[in-house]
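Residue numbers (UniProt numbering): 1 to 562. These notes are about the structure you will find just below.
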């Protein structure tokens with residue numbers, strides 16, 4: 001009888017154990033939300049569904065969660081949807097409409113477990129189950145990169161783009177090896193090399209694999225950027241911080257900018273493209289390839305490696321190809337500018353030591369090549385003739401020849417020794433003039449700002465935006481927004497009168513006054529600059545009394561008024 005009772009107890013325990021939800025810890029299930037791995041989440045499997053503590057995912061999903069004790073329900077609200085999830089029942093509600101769950105939510109160890117798939121799908125997020133690696137992916141990685149003045153990096157093997165800061169052209173070493181992107185801090189790398197160290201790590205790398213490393217290494221800042229067809233694209237930042245004391249600032253700058261840069265990650269497919277205007281891009285690529293086929297005497301560039309980005313000036317786009325001499329030095333490059341309609345405005349083939357094959361042209365052959373170029377890409381009615389060399393310091397006599405049209409709108413340079421078009425440009429006189437005016441005004445504002453601030457503050461930065469100009473009655477008027485960032489010169493705040501008084505009188509605002517004194521400050525203005533026929537500059541502001549639109553002023557006047 002005792003044996004029978006013991007057997008019944010064992011059977012009963014077995015039934016209970018099999019009926020209990022299974023902790024996913026043993027099966028190593030990982031949860032990704034928008035590319036971020038939730039390392040501290042231990043999912044529970046029940047009826048083939050993954051349940052997670054709602055408190056662990058609410059912030060990442062951007063929802064507000066409340067537990068209604070009386071009704072034993074969980075209220076989940078976003079900007080677009082309301083859900084009610086019952087504890088111990090499958091009768092949920094979405095925006096007041098009853099919906100049947102296929103798994104029962106429950107409370108365990110004071111945590112409310114809910115089906116992550118149900119929650120995510122009703123929030124409009126994509127849910128992917130990678131059964132091979134036991135990974136639940138919710139949503140997609142993405143953000144907004146707050147970096148301006150960038151160039152576009154394109155990974156041809158894995159079809160994605162990133163916007164890199166233009167400063168990285170000088171500050172980093174960017175390598176792509178077998179599809180893996182490596183970004184190194186150039187100062188640190190050069191220091192290692194000087195010491196004879198060859199094996200050192202990048203600031204970060206972006207790789208593609210069957211299983212994401214970030215799933216097992218708990219570091220904030222590493223992400224899965226994309227999952228597709230069983231492949232993970234992930235970014236991994238260096239955690240051993242391989243730099244020297246004298247290069248730490250450079251390394252950290254690239255590290256921090258890298259965290260911003262990855263927000264610009266964009267997977268390229270048939271419905272997306274690396275330029276805003278897909279039709280223009282197709283035309284531009286065709287023109288570039290045609291130039292390489294017909295106006296360059298030999299096959300130099302890898303046509304799968306075309307860098308492209310929108311230029312902030314003149315609404316033009318830019319195509320760039322290069323061959324590297326080593327990991328740091330460009331051997332030869334080609335640059336092409338196109339206007340907003342996809343028409344060629346500038347082309348330059350620049351060599352830094354490339355060994356061209358000899359292909360000499362005589363004067364008639366060179367003139368014919370120049371005319372063929374202009375007629376094909378610019379205007380078939382334009383006739384090129386030999387003109388004086390506009391760039392004698394760049395192009396050697398008898399080795400190059402310069403041609404242009406009679407109206408002075410275009411210039412084209414032919415390499416006579418190697419038989420190719422080296423340079424072409426559309427000459428935009430109005431644009432050149434406008435750039436000179438802008439530079440003149442920018443220099444004036446910088447000088448005025450420094451002179452005004454120097455006795456009192458340290459000028460950290462200034463910026464001109466929304467710039468527009470026009471010529472009126474032989475004078476130039478430019479209206480723009482002007483932003484200044486400045487701070488007090490380094491000085492002990494406790495020596496400043498009002499802060500010193502606040503401290504002595506135990507004013508409760510003392511600490512705030514102390515901190516604010518040290519913080520950078522910002523001023524914003526709308527200004528007008530007028531340059532008269534004698535090239536004299538006058539400054540106007542619109543912060544004058546009501547009824548006066550613009551009033552002549554000085555930097556010191558309106559800054560003191562502010």
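C-beta atoms are modelled at their ideal positions from N, C-alpha and C, and glycine is treated no differently. In this text, all values refer to a predicted model and were calculated from it rather than measured experimentally.
Proximal residues to residue i (C-beta, below 6 angstroms), its chain only, five neighbours per side dropped
{"i": "residue 288", "result": "319 and 336"}
{"i": "residue 242", "result": "200 and 201"}
{"i": "residue 525", "result": "482"}
{"i": "residue 310", "result": "At residue 310 the pLDDT is 45, less than 50, meaning the model places this residue with poor confidence; the figure from the coordinates comes in the next sentence. Here the set comprises 317."}
{"i": "residue 563", "result": "Absent from the structure is residue 563, since the part of the chain shown begins at 1 and ends at 562."}
{"i": "residue 99", "result": "92"}
{"i": "residue 231", "result": "208"}
{"i": "residue 391", "result": "With a pLDDT of only 49 at residue 391, under 50, the local geometry of the prediction cannot be trusted, and no value is derived from it."}
{"i": "residue 359", "result": "297, 418 and 419"}
{"i": "residue 334", "result": "321 and 349"}
Own chain partners of residue i with C-beta closer than 7 angstroms, once the 5 adjacent residues on each side are dropped
{"i": "residue 85", "result": "73, 74, 76, 92, 105 and 114"}
{"i": "residue 292", "result": "301"}
{"i": "residue 215", "result": "30, 37 and 135"}
{"i": "residue 563", "result": "It is not possible to answer for residue 563, since the shown part of the chain is limited to 1 through 562."}
{"i": "residue 532", "result": "475"}
{"i": "residue 97", "result": "none"}
Whole-angstrom distance between residue j and residue i, CA atom to CA atom
{"i": "residue 528", "j": "residue 477", "result": "7 angstroms"}
{"i": "residue 414", "j": "residue 554", "result": "51 angstroms"}
{"i": "residue 423", "j": "residue 351", "result": "12 angstroms"}
{"i": "residue 404", "j": "residue 317", "result": "24 angstroms"}
{"i": "residue 223", "j": "residue 59", "result": "17 angstroms"}
{"i": "residue 471", "j": "residue 198", "result": "59 angstroms"}
{"i": "residue 19", "j": "residue 43", "result": "Interpretation of residue 19 is limited by its pLDDT of 36, a score under 50 that renders its predicted location unreliable; no figure is taken from the coordinates."}
{"i": "residue 399", "j": "residue 354", "result": "16 angstroms"}
{"i": "residue 254", "j": "residue 370", "result": "44 angstroms"}
{"i": "residue 250", "j": "residue 145", "result": "20 angstroms"}
{"i": "residue 463", "j": "residue 217", "result": "42 angstroms"}
{"i": "residue 70", "j": "residue 501", "result": "56 angstroms"}
{"i": "residue 305", "j": "residue 158", "result": "13 angstroms"}
{"i": "residue 381", "j": "residue 406", "result": "12 angstroms"}
{"i": "residue 439", "j": "residue 176", "result": "38 angstroms"}
{"i": "residue 126", "j": "residue 252", "result": "34 angstroms"}
{"i": "residue 504", "j": "residue 453", "result": "30 angstroms"}
{"i": "residue 55", "j": "residue 34", "result": "17 angstroms"}
{"i": "residue 181", "j": "residue 299", "result": "26 angstroms"}
{"i": "residue 50", "j": "residue 210", "result": "22 angstroms"}
{"i": "residue 282", "j": "residue 118", "result": "42 angstroms"}
{"i": "residue 268", "j": "residue 294", "result": "30 angstroms"}
{"i": "residue 401", "j": "residue 372", "result": "15 angstroms"}
{"i": "residue 469", "j": "residue 212", "result": "53 angstroms"}
{"i": "residue 465", "j": "residue 442", "result": "11 angstroms"}
Inter-residue CB distance, residue i and residue j (contact presumed, cutoff 8 angstroms)
{"i": "residue 449", "j": "residue 479", "result": "Not really, about 18 angstroms apart at Cβ, beyond 8 angstroms."}
{"i": "residue 95", "j": "residue 81", "result": "6 angstroms"}
{"i": "residue 420", "j": "residue 296", "result": "5 angstroms"}
{"i": "residue 203", "j": "residue 183", "result": "5 angstroms"}
{"i": "residue 63", "j": "residue 52", "result": "The pair is not a contact, with the Cβ atoms about 13 angstroms apart (cut-off 8 angstroms)."}
{"i": "residue 338", "j": "residue 280", "result": "7 angstroms"}
{"i": "residue 247", "j": "residue 185", "result": "7 angstroms"}
{"i": "residue 416", "j": "residue 386", "result": "Contact flag wrong, Cβ pair sits at about 12 angstroms."}
{"i": "residue 437", "j": "residue 412", "result": "Between residue 412 and residue 437 the Cβ distance is about 28 angstroms, and since that is not below 8 angstroms, they are no contact."}
{"i": "residue 61", "j": "residue 123", "result": "6 angstroms"}
Residues bridged to residue i (per DSSP)
{"i": "residue 129", "result": "136"}
{"i": "residue 445", "result": "None, per the DSSP bridge assignment."}
{"i": "residue 404", "result": "385 and 411"}
{"i": "residue 488", "result": "457"}
{"i": "residue 223", "result": "235"}
{"i": "residue 476", "result": "471 and 531"}
{"i": "residue 209", "result": "232"}
{"i": "residue 100", "result": "91"}
{"i": "residue 255", "result": "Per DSSP, none; premise fails for residue 255."}
{"i": "residue 36", "result": "33"}
{"i": "residue 351", "result": "332"}
{"i": "residue 541", "result": "527 and 551"}
Own chain residues within Cβ distance below 8 angstroms of residue i, not counting five before or after
{"i": "residue 540", "result": "527, 528, 529, 530, 550, 551, 552 and 553"}
{"i": "residue 487", "result": "457, 458, 460, 518, 519, 520 and 521"}
{"i": "residue 47", "result": "102 and 103"}
{"i": "residue 507", "result": "501 and 513"}
{"i": "residue 140", "result": "34, 35, 126 and 226"}
{"i": "residue 107", "result": "87 and 113"}
C-beta neighbour in chain D for residue i, strict 8 angstroms
{"i": "residue 509", "result": "In the displayed structure, chain D is absent; only one protein chain is listed."}
### Query
Is the number of C-beta pairs between the segment 258-267 and the segment 160-177 that are closer than 8 angstroms three or more?
Result yes; three or more Cβ-Cβ pairs closer than 8 angstroms.
#### Entry: the segment 329-349 contacting the segment 182-201, beta-carbon criterion three pairs below 8 angstroms
In short, these stretches do not touch, since the Cβ pair count stays below three.
### the segment 166-178 in contact with the segment 140-151 per 3-pair CB rule at 8 angstroms
These segments touch.
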